[in-house]
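In the working numbering, the protein residues as written are 7 to 278.
For every residue, glycine included, the Cβ atom is placed at its ideal position computed from N, Cα and C.
Quick caveat, the model's predicted, so the values are computed rather than measured.
Here's the structure, in C-alpha cells; my notes come after.
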Ligand SMILES: C[S@@+](CC[C@H](N)C(=O)[O-])C[C@H]1O[C@@H](n2cnc3c(N)ncnc32)[C@H](O)[C@@H]1O
C-alpha cells in the first residue's frame, strides 16, 4: 500500500533527519516513514541484520506484558513513548479483553501523535498526548491524561523500548521515580530497553548510527537496567531478556534469548 506523505506528514517536521519513531514504524512494516528514515533503516539493517527481528521480539514482550496486567486486574494504561500506531497497539490488546480498558498514549514525535489521534477518533477510552516523558509532572497533570485515567487507582505505566533514548542513568532513574511516586500502590511499571552486552560490535555500530537520528541511543547493562526498578517489587521472573519474560508460545522464545539484545521486567508499587 502506498500512502502519500502529504496525507499524514505534520508541518514543521525536518525531512532530512531520521526519526527513531518513523524508523521503528518502517521496521515493523508501517507506512508512516520518509525516504530519510528508510535509508537509515537499510544502513542499520546492513550493519545488524537481526534488527527487524529484535524489534518485533520487543513488541511481543509488550503484548505479553499487557496480557499479564489485565490478568492482574489493571484496566488503565499510560503508554509512554508509544510510537506510531502499528499492529497490536496497547488499546487493541487491552480492549479485546476488557472493552472498557482505558489507554493514554504519550509520545514526543509529531507523526506518532497525529496518527494515534486519528486512529482514536471514535474510541472514547483512548487518547494521545504529545509530550516529553522526561517531565513526569507535566504528563501526569495534563488534562488529556487526568480526564481519562483515575490516578488514585492502580494503573500500568509502560515504558517499552523508550528509556534507551534517555542518556544518563541518573535521569532515567529519576524519570521512573517521578511516575512511581505519583501512581497508586498496586500499580505496575513495565520497562524494556536495549543492552549492548550481547549486541557485540554490530550493536556498537548501530548505536553510533542512531546519533544521526533525533534520538541518540544509550544501551544499558543488566545492573543499570535493574536500578530503574528501585522502590518497586519485581514480578517473577524479574529482569530477563525480553523473550524470557513469561513466553506464551514457542514462537516467543528460542534457545538464544540474548539475541534480543534487550532486557525487560515489570515492577509493582508495594501496597505498604
Ligand atoms: C522504539 S519506539 C517504541 C514504541 C513502543 N513503545 C513499542 O515498544 O513498540 C520509541 C518511541 O519513543 C518515543 N520517545 C523517545 N523519547 C521520548 C521522550 N523523551 N518522550 C516521549 N516519547 C519519546 C519516540 O518518539 C518513539 O516513538
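A straight-line Cα-Cα distance of about 17 Å links residue 211 and residue 43. A residue is called buried when at least 16 other Cβ atoms come within 10 angstroms of its Cβ; residue 226 meets this threshold and is buried. Per DSSP, the continuous beta strand (DSSP E) segment holding residue 110 begins and ends at 108 to 113. DSSP places residue 230 in the uninterrupted alpha helix (DSSP H) bounded by 228 to 233.
Proximity of the beta carbon of residue 195 to ligand 1 is not indicated: no heavy atom of the ligand is located closer than 6 Å. The beta-bridge partner set that DSSP reports for residue 134 consists of 111.
Taking C-beta separations shorter than 7 Å and ignoring five residues to either side along the sequence, the partners of residue 198 in its chain run 64, 67, 166, 167, 248, 268, 269 and 270, following chain order. The DSSP-derived three-state label of residue 242 is coil.
Counting along the chain, residue 194 sits inside the beta strand (DSSP E) bounded by residues 194 to 200. Rounded to the nearest whole angstrom, the CA to CA distance from residue 160 to residue 86 is 16 Å. In the structure shown, residue 37 adopts coil according to DSSP, grouped into three states.
Within the stretch 36 to 84, the complete alpha helix (DSSP H) segments at least 4 residues long are 41 to 53 and 57 to 77, listed from N- to C-terminus. Under the three-state reduction of DSSP, residue 189 is assigned to coil, being neither helix nor strand.
Here residue 274 carries a strand assignment [DSSP, helix/strand/coil]. Take the alpha-carbon of residue 222 and the one of residue 213: they are about 8 Å apart.
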